[in-house]
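Start counting the sequence shown at 3; every next residue gets the next number (the numbering used here).
To keep things clear, I will list the structure first and then write my remarks on it.
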Amino acid sequence: MMDFALEWVALFMLSLFMNDLSSDSGMVSHEDTTLNFTELAIKYGQTCEEHDVITEDGYILKLFHIPGDKTRPVLLISGNMGSADEYIVRGNTSLAIALAKANYDVWGGNVRGCKYSRRHLTLDPDVDDGFWDFSFHEYGIYDMPAFIDYILTDTEQKQVNVIGFSIGTTVFYILGSERPEYNEKVKIKISLAPAAYLSHSVSVSAVSVFAPIINRFLLRAGQEELYSENSTTIRLIRRVCSTPLSAYVCLILFFFPICGYDSKGIEPDFAPIAIAHYPTSVSRKNLLHLSQVANSKRFPKFDYGVEENIARYGSESPPNYNLTAVTMKVALISGKNDLISTLPDVKLLKAKLPNVVDHIILKPKRFNHIDFTWGKNNHKVLFPHIFELLESQHV
Ligand SMILES: *[C@@H]1O[C@H](CO)[C@@H](O)[C@H](O)[C@H]1NC(C)=O
Ligand SMILES: *[C@@H]1O[C@H](CO)[C@@H](O)[C@H](O)[C@H]1NC(C)=O
Ligand SMILES: *[C@@H]1O[C@H](CO)[C@@H](O)[C@H](O)[C@H]1NC(C)=O
Ligand SMILES: *[C@@H]1O[C@H](CO)[C@@H](O)[C@H](O)[C@H]1NC(C)=O
């Protein structure tokens with residue numbers, strides 16, 4: 003504990019100093035901090051198409067496509083407040099590029115509200131609060147079906163492989179539960195840091211305790227969108243966390259306490275690239291729903307308050323998602339030091355899901371939550387498992 007604390011203080015002070023240096027010396031940042039998904043794909047030797055996918059309720063979502071063998075489509079869904087960028091920011095050692103090099107047909111999905119998918123047929127995200135009236139429930143019941151159907155039409159396949167991280171796994175449990183006809187359209191769902199129950203996550207619970215207060219404050223301020231690219235918070239984060247050292251301090255201060263401490267998983271040179279792409283815009287309601295899941299110790303739908311719950315659900319409290327109905331093939335992959343998707347919670351999830359084909363616990367002792375997207379050694383410790391699972395579906 004002591005060395006963590008000392009490291010904190012030392013790095014924090016250094017970061018203030020470094021940030022001063024960087025702001026007036028016009029230090030040039032790494033090119034990959036500014037490239038979008040398409041540009042990164044091209045830089046790392048692939049071709050990339052951008053598709054607009056329209057959901058049943060009118061959202062226009064960006065779906066990136068690195069074309070490969072059409073019989074082997076893979077859809078990638080990021081964690082909360084992320085975008086498809088999470089799967090490509092590691093460049094040549096990222097999952098999107100690794101899959102593309104192995105000739106998979108790679109699709110990078112971007113859920114409603116994130117920086118690539120702030121568009122709607124009739125609603126304006128800058129003006130209409132209605133645009134932001136969603137949580138990850140809607141990612142699950144509208145965005146995933148739209149992506150899946152689009153990919154199946156394009157590839158003329160009956161099934162697609164899906165890989166999700168954190169909330170990107172939750173949305174497929176919601177899909178399988180709320181729209182069971184989609185279970186058959188998923189060949190295998192690989193869950194990185196599976197998330198449904200958050201009852202053993204001390205860090206998420208600690209943050210969620212404050213959620214009702216923060217929520218009331220945001221409601222009063224009329225702030226439905228959080229972390230917009232133009233917001234003061236994001237500008238500040240991107241500016242302060244812009245050098246290798248200061249960005250690494252941001253990881254230590256803001257990410258490690260919540261996600262698990264792993265000083266070897268991410269190197270300082272990569273930290274500014276990671277933080278330049280994350281977080282991206284999200285709705286207030288999404289984070290509120292997440293805190294409700296954590297506080298409830300179950301896996302419930304959105305809690306609208308007693309009166310509206312009765313009208314919508316016929317019960318005073320929101321019902322749980324029905325994990326028994328999630329019949330798609332699921333593989334779970336966990337990190338031992340993941341403080342968000344904890345092993346006891348994944349065990350609860352595994353016991354409910356009817357079709358779990360494997361639960362892999364990664365070897366490195368310190369493998370934490372963010373290592374799943376940003377980890378330096380993923381191409382060695384994580385991808386081989388993913389390739390093995392995907393290949394097992396194509397024999
Ligand atoms: C990504 O960058 C390219 C090149 O600048 C641009 O044409 C494209 O519209 C960008 N894509 C998105 C989704 O922002
Ligand atoms: C990425 O790897 C490919 C080989 O697979 C190599 O040709 C290319 O130069 C690498 N790109 C970068 C930017 O490192
Ligand atoms: C940010 O501001 C610019 C310039 O005002 C605008 O063009 C852009 O759409 C805004 N982006 C977001 C995500 O709000
Ligand atoms: C959950 O789904 C299973 C399988 O489809 C079904 O048999 C069961 O009745 C459902 N439970 C609830 C509470 O809806």
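Backbone N, C-alpha and C fix where the C-beta goes; we use that ideal spot for every residue, glycine too.
This structure is a prediction, so every number in the text was calculated from the model and none was measured.
Proximity test, residue i beta-carbon vs ligand 2 heavy atom, cut-off 7 Å
{"i": "G93", "result": "yes"}
{"i": "K103", "result": "yes"}
Boundaries of the alpha helix (DSSP H) in which residue i is found, first to last residue
{"i": "G111", "result": "G111 -> not in any alpha helix (DSSP H); beta strand (DSSP E) instead, spanning Y106 to G111."}
{"i": "F39", "result": "F39 to K45"}
{"i": "H122", "result": "No alpha helix (DSSP H) contains H122, which DSSP labels as neither H nor E."}
{"i": "K64", "result": "Counting along the chain, K64 falls outside any alpha helix (DSSP H), though it belongs to the beta strand (DSSP E) covering I62 to I68."}
{"i": "E393", "result": "F385 to E393"}
{"i": "K103", "result": "L97 to K103"}
{"i": "T155", "result": "M146 to T157"}
{"i": "I260", "result": "F258 to C261"}
{"i": "P246", "result": "P246 to C252"}
{"i": "W376", "result": "D373 to W376"}
{"i": "H279", "result": "A273 to H279"}
Coil, strand or helix - residue i by DSSP
{"i": "L355", "result": "coil"}
{"i": "R317", "result": "Reading off the sequence, residue 317 comes out as Ser, not Arg. S317: coil per DSSP, three-state reduction."}
{"i": "Y306", "result": "coil"}
{"i": "E226", "result": "coil"}
{"i": "D71", "result": "strand"}
{"i": "V328", "result": "coil"}
{"i": "H53", "result": "strand"}
{"i": "S179", "result": "helix"}
{"i": "V91", "result": "coil"}
{"i": "D26", "result": "Confidence in D26 is poor, its pLDDT being 37 and thus under 50, which makes the residue's placement unreliable; the coordinate value appears in the next sentence. Three-state DSSP puts D26 in a helix."}
{"i": "N339", "result": "coil"}
{"i": "N217", "result": "helix"}
{"i": "V206", "result": "helix"}
{"i": "A197", "result": "coil"}
{"i": "R368", "result": "coil"}
{"i": "I268", "result": "coil"}
{"i": "S285", "result": "strand"}
{"i": "H291", "result": "helix"}
{"i": "N379", "result": "coil"}
{"i": "N232", "result": "coil"}
{"i": "H139", "result": "helix"}
{"i": "N414", "result": "In the structure displayed, the chain extends from 3 to 397; residue 414 sits before or after that span and is not available."}
{"i": "D360", "result": "strand"}
Short Cβ contact (8 Å threshold) for residue i with residue j
{"i": "Y184", "j": "I150", "result": "yes"}
{"i": "A198", "j": "Y175", "result": "yes"}
{"i": "A98", "j": "V108", "result": "yes"}
{"i": "H387", "j": "S343", "result": "no"}
{"i": "S205", "j": "I260", "result": "yes"}
{"i": "T329", "j": "G178", "result": "yes"}
{"i": "G111", "j": "I79", "result": "yes"}
{"i": "K378", "j": "N339", "result": "no"}
{"i": "R120", "j": "H396", "result": "no"}
{"i": "S244", "j": "L341", "result": "no"}
{"i": "I192", "j": "I165", "result": "yes"}
{"i": "K303", "j": "H139", "result": "yes"}
{"i": "H279", "j": "D87", "result": "yes"}
{"i": "G93", "j": "Y46", "result": "yes"}
{"i": "A327", "j": "P182", "result": "yes"}
{"i": "N357", "j": "V332", "result": "yes"}
{"i": "L255", "j": "A273", "result": "no"}
{"i": "D337", "j": "D373", "result": "The sequence given here has Gly at residue 337, not Asp. Closer than 8 Å, so yes."}
{"i": "P69", "j": "E52", "result": "no"}
{"i": "E226", "j": "S285", "result": "yes"}
{"i": "A104", "j": "F389", "result": "yes"}
{"i": "G60", "j": "H122", "result": "yes"}
{"i": "A208", "j": "L290", "result": "no"}
Proximity test, residue i beta-carbon vs ligand 1 heavy atom, cut-off 7 Å
{"i": "K45", "result": "no"}
{"i": "K367", "result": "no"}
Ligand 4 heavy atom lying under 7 Å from the CB of residue i
{"i": "A353", "result": "no"}
{"i": "N379", "result": "no"}
{"i": "N185", "result": "no"}
{"i": "A327", "result": "yes"}
{"i": "N324", "result": "yes"}
Start-to-end residues for the beta strand (DSSP E) that takes in residue i
{"i": "G166", "result": "V162 to F167"}
{"i": "K191", "result": "V188 to L194"}
Just the residues with CB closer than 6 Å to a heavy atom of ligand 1, in chain order, which are they? N38, T40, E41, E52, K64 and Y118
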